[in-house]
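Before any comments, here is the structure.
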Amino acid sequence: MPRRESADRKQVTQGRWASILLVPTLILLAVVIIYPVVNAIVMSFQRDAGLNPATGFFEQGGPAGFENYTHWLFQQCNGQSCPPGTLGSQFWNAMSTTFFFTVVTVALETVLGFWMAIIMARSFRGRSAVRAAVLVPWAIPTAVTAKLWFFIFAFDGIANKLFGTQILWTGSEWPAKWAVVISDTWKTTPFMALLILAGLQLIPDEVYEAAKVDGATAWQRFTQITLPLVRPALMVAILFRTLDALRMFDLPYIMTQGANNTTTLSILVVDQIREGFNSAAALSTITFIVIFLVAFIFVRFLGANAVGAATSSGRK
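Mapping of the sequence shown onto my numbering: residues 211 to 526, in sequence order.
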């Protein structure tokens, strides 16, 4: 009994020290993360200072209720539909463009990253050099990547000369969108490959050898062994990349300035900041909620189930 009481007392002491050591980190997180989020939400319920069209006088901002949110969600400007070309009229277009970039780029990067990870997981001469070379596009700063592909997709750039075309890649809607997709896929596929490779390396070679002895084909080994066992790492990679793509700003802004229907939610927030902080805070809050819901869906209905399935299969 004395030994048990001593162990319990030691455990309580360690717990107290752990809590004390965590306090500085929690304070830092509160200052860096929680305060800006709360402040942005508070600002989103305030009206921006500006000219009142009814009176013709410049008025200071005040409580706005949900006016800033209805301005974006219902595209309402002063109680009427926002005129075409204004920032308020671009919300749903920016939302659809953001999800288009997210779905297409993440899908392409997942397929290509999986293929690259399978190749890098094999044993061959020069494998370390190949892994290092694959990471080069991901290591290049996004601004440099955007400028590089901007020159490639110029009218007299490499793309048109290589294929013998005369496409205005950044001068019309769909070529501009696909130019952004290609640029982002080139840059971020190595990130997906790196995360998937980490999951592939956790699969024992004995599992594949046993499957070969049982007569399993390469496709059966891929669908019955590789995919189920790598699924947790794959879902984490897709989650990280999806959240990153939903915040896309650099590539489309540098390549197209958001023209030709390539404006994302992040670009719209930056454009709105120049006109009013409070309305931009409301748009930032909406963007935050969208990203949070996507993350919740991944973790609750995809990631958690994948981990649970892997755990249950491991217990069997």
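All C-beta atoms in this analysis are idealised placements derived from N, C-alpha and C, irrespective of residue type, glycine included.
Secondary structure of Q411, DSSP reduced to three states: On the sequence shown, position 201 is the one that residue 411 refers to. It is coil, neither helix nor strand.
S229, DSSP secondary structure in three states: Locating residue 229 in the sequence shown gives position 19, where the first residue counts as 1. Helix.
Rounded straight-line distance, which links the Cα of A492 to that of V504: Locating residue 504 in the sequence shown gives position 294, counting from the first residue. Locating residue 492 in the sequence shown gives position 282, counting from the first residue. If I take the Cα positions, the gap works out to 19 angstroms.
Where the alpha helix (DSSP H) containing T452 begins and where it ends: The count along the sequence shown starts at 1 and reaches residue 452 at position 242. First-last of the alpha helix (DSSP H) with T452: L437 to L456.
Pairwise C-alpha distance: V252 and A369: As a working mapping, residue 369 is identified with position 159 in the sequence shown. As a working mapping, residue 252 is identified with position 42 in the sequence shown. Their backbone Cα atoms lie some 47 angstroms apart in a straight line.
Status (buried if at least 16 other CB within 10 Å, exposed otherwise) for F301: The residue you call residue 301 lines up with position 91 of the sequence shown. Buried, by the Cβ-count rule.
Contact check, L453 vs M330, beta carbons under 8 angstroms: Locating residue 453 in the sequence shown gives position 243, where the first residue counts as 1. Locating residue 330 in the sequence shown gives position 120, where the first residue counts as 1. No; because the gap between Cβ atoms is not below 8 angstroms, this pair is not in contact.
F482 burial status per 10 Å Cβ neighbour count (16 or more: buried): Here the question's residue 482 lines up with position 272 in the sequence shown. Strictly speaking, residue 482 in this sequence is Gln, with Phe absent from that position. Buried: at least 16 other Cβ atoms inside 10 Å.
CB of P385 within 8 angstroms of CB of I377, strictly: As a working note, residue 385 is residue 175 in the sequence shown. As a working note, residue 377 is residue 167 in the sequence shown. A contact, by the Cβ cut-off of 8 angstroms.
T320 burial status per 10 Å Cβ neighbour count (16 or more: buried): Here residue 320 corresponds to residue number 110 of the sequence shown, with the count starting at 1. With 16 or more Cβ atoms within 10 Å of its Cβ, T320 is classed as buried.
Inside the segment 472 to 506 only - alpha helix (DSSP H) runs reaching at least 4 residues: The qualifying runs are 475 to 483.
Boundaries of the alpha helix (DSSP H) in which S338 is found, first to last residue: Mapped onto the sequence shown, residue 338 falls at position 128. It spans R337 to V344 - the alpha helix (DSSP H) in which S338 sits, taken as one unbroken run.
Contacting residues, own chain, Cβ-Cβ under 6 angstroms from S489 (five flanking each side not counted): Counted from its first residue, the sequence shown places residue 489 at position 279. These residues qualify, in order along the chain: D258, N278 and Q482.
Which of helix, strand or coil DSSP assigns to P246: Here residue 246 is taken as the residue at index 36 of the sequence shown, counted from 1. DSSP places P246 in helix when its eight states are reduced to three.
Q221 (DSSP reduced to helix, strand or coil): Locating residue 221 in the sequence shown gives position 11, counting from the first residue. DSSP places Q221 in helix when its eight states are reduced to three.
Stretch pair the segment 357 to 374 + the segment 288 to 298: three plus CB contacts closer than 8 angstroms: No, they do not touch.
CB of P273 within 8 angstroms of CB of Q256, strictly: Position 63 of the sequence shown, counted from the start, is the residue given in the question as residue 273. Position 46 of the sequence shown, counted from the start, is the residue given in the question as residue 256. Contact check for P273 against Q256 passes: the beta carbons are separated by less than 8 angstroms.
C-beta atoms of P547 and G409 nearer than 8 angstroms: Residue 547 is absent from the structure shown; the chain starts at 211 and stops at 526.
Backbone secondary structure at P234 - three-state DSSP: For this step, residue 234 is matched to residue 24 along the sequence shown. Reduced to three states, the DSSP call for P234 is helix.
Neighbourhood of Q411 by C-beta, 7 angstroms cutoff - its chain only, sequence neighbours within 5 removed: In the sequence shown, counting from the first residue as 1, residue 411 sits at position 201. Closer than 7 angstroms at the Cβ level, and outside the excluded window around Q411, lie A331.
Outcome for Y245 when other beta-carbon atoms lying within 10 angstroms are tallied against a minimum of 16: Taking the sequence shown and counting its residues from 1, one reaches residue 245 at position 35. By the 10 Å Cβ count, Y245 comes out exposed.
Helix, strand or coil at Q290 according to DSSP, with G and I counted as helix: Taking the first residue of the sequence shown as 1, we reach residue 290 at position 80. In the structure shown, the three-state DSSP call for Q290 is strand.
Distance between A428 and W359 (C-alpha atoms, nearest Å): As a first step, residue 359 must be located in the sequence shown, where it is residue number 149. As a first step, residue 428 must be located in the sequence shown, where it is residue number 218. Cα-Cα distance, rounded: 37 angstroms.
Per-residue burial, F502 [other beta carbons within 10 Å of its own, 16 or more giving buried]: If you number the sequence shown from 1, residue 502 lands on position 292. It counts as exposed.
Which residues DSSP lists as bridging Q256, in chain order: Reading the sequence shown from its first residue, position 46 is the one you call residue 256. Paired residue(s): P273.
Residues of its chain near V417, where Cβ-Cβ distance is below 7 angstroms and the 5 sequence neighbours each way are ignored: As a working mapping, residue 417 is identified with position 207 in the sequence shown. Cβ within range, chain order: I435.
With 16 other Cβ atoms within 10 Å as the buried cut-off, status of L151: For the chain, the structure presents residues 211 to 526; residue 151 sits outside this window and is missing.
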